[in-house]
Structure formats: structure tokens, C-alpha cells
Amino acid sequence: MNKIAIFGCSGFALEVADICYELGYESILLLSDSNDNLPDINGLNIRSENDVGELNDSGYEFAIGIGDSLIRKKISDKYNELEFPNLIHPSAIFGLNQRNSLELVRGNIITAGVIFTNSIKLGSFGVYNLKASIGHDCIIDDFVSIMPNVTVSGNVHIFEGAFIGASATILQGNNDKKITIGSFSTVGGSSLVTKSVEDGVTVFGIPAKKFRIQGVK
Numbered sequence: 046m047n048k049i050a051i052f053g054c055s056g057f058a059l060e061v062a063d064i065c066y067e068l069g070y071e072s073i074l075l076l077s078d079s080n081d082n083l084p085d086i087n088g089l090n091i092r093s094e095n096d097v098g099e100l101n102d103s104g105y106e107f108a109i110g111i112g113d114s115l116i117r118k119k120i121s122d123k124y125n126e127l128e129f130p131n132l133i134h135p136s137a138i139f140g141l142n143q144r145n146s147l148e149l150v151r152g153n154i155i156t157a158g159v160i161f162t163n164s165i166k167l168g169s170f171g172v173y174n175l176k177a178s179i180g181h182d183c184i185i186d187d188f189v190s191i192m193p194n195v196t197v198s199g200n201v202h203i204f205e206g207a208f209i210g211a212s213a214t215i216l217q218g219n220n221d222k223k224i225t226i227g228s229f230s231t232v233g234g235s236s237l238v239t240k241s242v243e244d245g246v247t248v249f250g251i252p253a254k255k256f257r258i259q260g261v262k
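Under the working numbering, the residue at position 138 of the sequence shown is numbered 183, and the numbers go up by one with no gaps.
Structural data, given as C-alpha cells:
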């Protein structure tokens, strides 16, 4: 029996459960960091995170159904020995040999309609949400979150933990100088990124500019 337990009990965890159902998992559980006896959600049983060892011993695989990059990293670091398969919705599209590259990484969540073209280097524990598209020669590091309808053009490097909001567009880089999105930076929804973004900042708008709090330099 194919069995999987998903860290998280929110809406995104349920979307991950949908992918697991499409992939033929026969037992799908949600994992909560609460010790309370929580009711089922959408017919899915909720177990305490304290049960991870027991579930692992009984043959469960695991997924992290949490959009926050820092929390995903914390969970993956804590439970590094667990089996985290890449979960790929059947409708995702891959360019030539691109799907094979996923054999080198783990824990990615690839939802319905996502498109990967070719010559893309993917990290682990990424979230690729509905109908996002990733262009040629991109590098996507670990724990990146790419939200629905995002367009990442070719020759872009998205560093660890960056968050790209829904319907944002990152324009094309080139072979000599990729456009970069810094580690744990945030690109606001519907923004147009025309140049590189430094680490740990929030940018938004058309074109995307660094967010500044009024009165703070």
C-alpha cells in the first residue's frame, strides 16, 4: 500500500493531498504540531507530529504541505532521515530530459499545470503552484515558493527560500548574467521583475521596486 503523511493541516496541505490522491496513494494523513485530538478534514485523519517515528516505521512517505519557506526548511532539517518524494501532478509538463533531473532532488511539490521547459536545475523542497512556468536555463534553489500563474523567463536564478507571489513575472536574463532573486526575498503578486533582487528584501510593482516603510531609509 502506498502511504503518505503530510506536514500541515491548512488549505495548501489539502491541495498536496489532492496530488497524492491523483498519484494513487491509498492512505493519506495530515500531521499537526498540536497534541490535541483534532477532527478529520475533508475525510483525512489528522495525527500528531509525535507519531512521525511510528508512521515511518510502518512504511509511510512524507510531504511538507506548508507554503512558508522557513517552516519547510525547519521541518526538513528536523526530519532529514524521512522519505520525502517529489509529488508531481500528472498534468505538469516537462521539457526534454527535464523530469529526469528530479531524481537528484526530493520533497518538491509540483501542482497541476506547471510547466518546466529545459536545462533547468531544480533544488529540493520547492513549491511550484498552479500553472506556474519556468523557462530554460533557470536555477531554482532549495525551499523556493512559486505561486500560481508565475512566469519565470529563461536564465533566472532564484536563491534559497525566495517567495514569488501569484501572477508575478520575472523577465529574461542571459547566459553571461542571469537575473537573480536573492535568498529569502519576496516578490509581490502581479509584479514585473526587470532586474536582480538582493537577499532578504520585498519588492513589488511594475516594475518591481524595493518596499520601503515610510520614514525608514
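Using N, Cα and C, we set each Cβ at its ideal position, and we do this for glycine too. Every value quoted in this text rests on a predicted model; they were computed, and no experiment measured them.
Query raised in the report: On the three-state DSSP scale, how would you describe Phe139?
Result: In this structure, Phe139 counts as strand in the three-state DSSP scheme.
Query raised in the report: Taking the C-alpha atoms as reference points, what is the distance between Ser200 and Asn145?
Result: A small fix is needed here, since residue 200 is Asn in this sequence, not Ser. Approximately 20 Å, taken between the alpha carbons.
Query raised in the report: By Cβ distance below 6 Å, which residues in the same chain neighbour Asp182 in space, the five residues on each side in sequence not counted?
Result: Ser164, Gly199, Asn200
Query raised in the report: So who's on the other strand from Leu89, going by DSSP bridges?
Result: Ile86
Query raised in the report: What residues in its chain sit with their C-beta under 6 Å from that of Gly152, if we drop five residues either side in the sequence?
Result: Phe129, Ser169, Phe170
Query raised in the report: For Val159, which of Gln143, Ile138, Ser241 has the nearest alpha-carbon?
Result: Ile138
Query raised in the report: Three-state secondary structure (DSSP) at Ile251?
Result: Coil.
Query raised in the report: Excluding five sequence neighbours on each side, which residues of the same chain lie with their C-beta closer than 8 Å to the C-beta of Val261?
Result: Since pLDDT at Val261 reaches only 42, below the 50 mark, its modelled position is unreliable, and no value is offered.
Query raised in the report: Relative to the alpha-carbon of Gln217, which residue among Ser230, Phe229, Ile184, Asp244 has its alpha-carbon at the smallest distance?
Result: Ile184
**Report entry** C-alpha gap between Ser93 and Asp81, whole angstroms
**Finding:** Going by the C-alpha atoms only, they are around 8 Å apart.
Query - Nearest-angstrom Cα separation, counted from Gly227 out to Gly110 - result: Linking Gly110 to Gly227 through their CA atoms gives a straight-line distance of about 23 Å.
Query raised in the report: Run through DSSP, which three-state label would Leu68 get?
Result: coil
Requested in this report: Inspect the beta-carbon positions of Ser230 and Asp244 and report whether they are closer than 8 Å.
Outcome: yes
Query raised in the report: Are there 16 or more other CB atoms within 10 angstroms of the CB of Ala251, so buried, or fewer, so exposed?
Result: Checking the sequence shown, residue 251 turns out to be Ile, not Ala. It counts as exposed.
Query raised in the report: What is the rounded straight-line gap between the Cα of Gly98 and the Cα of Ser55?
Result: 22 Å
Query raised in the report: Would a C-beta distance cut-off of 8 Å place Leu100 and Ala50 closer than the cut-off?
Result: yes
Query raised in the report: Going straight from the alpha carbon of Ser241 to that of Asn87, what length do you get?
Result: Answer to the nearest angstrom: the Cα atoms are 42 Å apart.
Query raised in the report: When the Cα of Leu271 is compared with those of Ser190, Phe256, Ala177, which residue comes out closest?
Result: With the chain covering 46 to 262 only, the question about residue 271 has no answer from this structure.
Query raised in the report: By Cβ distance, which residues of its chain are closer than 8 Å to Asp85, with the 5 residues on each side in sequence left out?
Result: Ile91
Query raised in the report: When the Cα atoms are used, what is the spatial distance from Phe256 to Phe249?
Result: 7 Å
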